[in-house]
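Have a look at the structure below, then the notes.
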Amino acid sequence: MNSREYLEILHVAERLKDTTRHCTTTNRRTESVAEHSWRISLMAFLLRHEFPDVDINKVVDMCLIHDLGECFTGDIPTFVKTDSDREVEDSLLNQWVKSLPGEIAKDFADLYEEMDAQETKEAKLYKSLDKLEALIQHNESPLDTWSENEFELNKTYAFDVVAFSSWLTELRETILEDTLKKIADHH
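By numbering that gives the first Met the number 0, the letter at position 173 of the sequence shown is numbered 172, and the numbering carries on one by one without gaps.
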């Protein structure tokens, strides 16, 4: 990969800084996809000692690239995203990945394939962190920024995804405690 190719990849990825999500920060600023991707990467890094049998570097890689398809489509909240939306995003992402320099294209393609298959501990951990970060962010955001469906969704979301790990299940239960407290304190 030459310096121009390197910069072109970064220019595409920069779009995630301007791609907003449906959640806000503590101070009511609309969050970007780049910020979400950064924090799930940090979440993975912090679990290095909790999951010694997992390749945490690979999980961090997955976290860093997991939403790059949204450079082309924007963010569609999980509760409204359709199969058609996913197909369009995947198609545009795949076209872009194929256009990248050989080694990098293979690195991306291999990671996306593993992430999609959801068979390895690494893929399952990345997917769990992706979902848990959204719940954590909701707990940090003002309650009046939540959409109506999130009051119930935030009580049940992602328990199925974390079930493979007792540590993540405990984390999900702790996040639920915070959610229930936030809702109770508001009423």
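The beta carbon of each residue, even a glycine, is placed where N, CA and C say it ideally should be.
Please go through the same chain and pick out, in chain order, the residues whose beta-carbon is closer than 7 Å to the beta-carbon of residue i, but skip the five residues on each side of it.
i: Glu195; result: Since the first residue shown for the chain is 0 and the last is 186, residue 195 is missing from the structure and cannot be characterised.
i: Leu110; result: Asp60, Met61, Ile64
i: Ile135; result: Ile174
i: Tyr156; result: Lys130, Leu134
i: Ile39; result: Cys62, Leu128, Asp129, Glu132
Measure the Cβ-Cβ separation of residue i and residue j and say whether it is below 8 Å.
i: Leu124; j: Phe78; result: no
i: Ile174; j: Leu131; result: yes
i: Ala43; j: Leu128; result: yes
i: His137; j: Glu151; result: no
i: Lys57; j: Glu121; result: yes
Can you give me the Cβ contacts of residue i inside the same chain, cut-off strictly under 8 Å, excluding the 5 residues immediately before and after it?
i: Leu15; result: Ser31, Val32, Ala33, Ser36, Asp66, Leu67, Glu69, Cys70
i: Asp74; result: Thr18, Thr19, Arg20, His21, Val32, Asp66
i: Thr72; result: Asp84, Val87, Glu88, Leu91
i: Ser98; result: Ala104
On the DSSP bridge assignment, give the partners of residue i in chain order.
i: Ser31; result: Thr19
Go through its chain and collect everything with a Cβ distance to residue i's Cβ below 6 Å, but skip five positions before and after it.
i: Glu29; result: The sequence shown places Thr at residue 29, not Glu. Cβ neighbours of Thr29 beyond the five flanking positions: Thr19, Thr23.
Between the C-alpha atoms of residue i and residue j, what's the straight-line distance to the nearest angstrom?
i: Leu41; j: Thr144; result: 25 Å
i: Asp184; j: Ser146; result: 18 Å
i: Asn153; j: Asp159; result: 13 Å
What are the boundary residues of the alpha helix (DSSP H) that includes residue i?
i: Ser164; result: Neither: Ser164 is in no alpha helix (DSSP H) and is coded neither H nor E.
i: Lys57; result: 55-64
i: Lys154; result: 149-155
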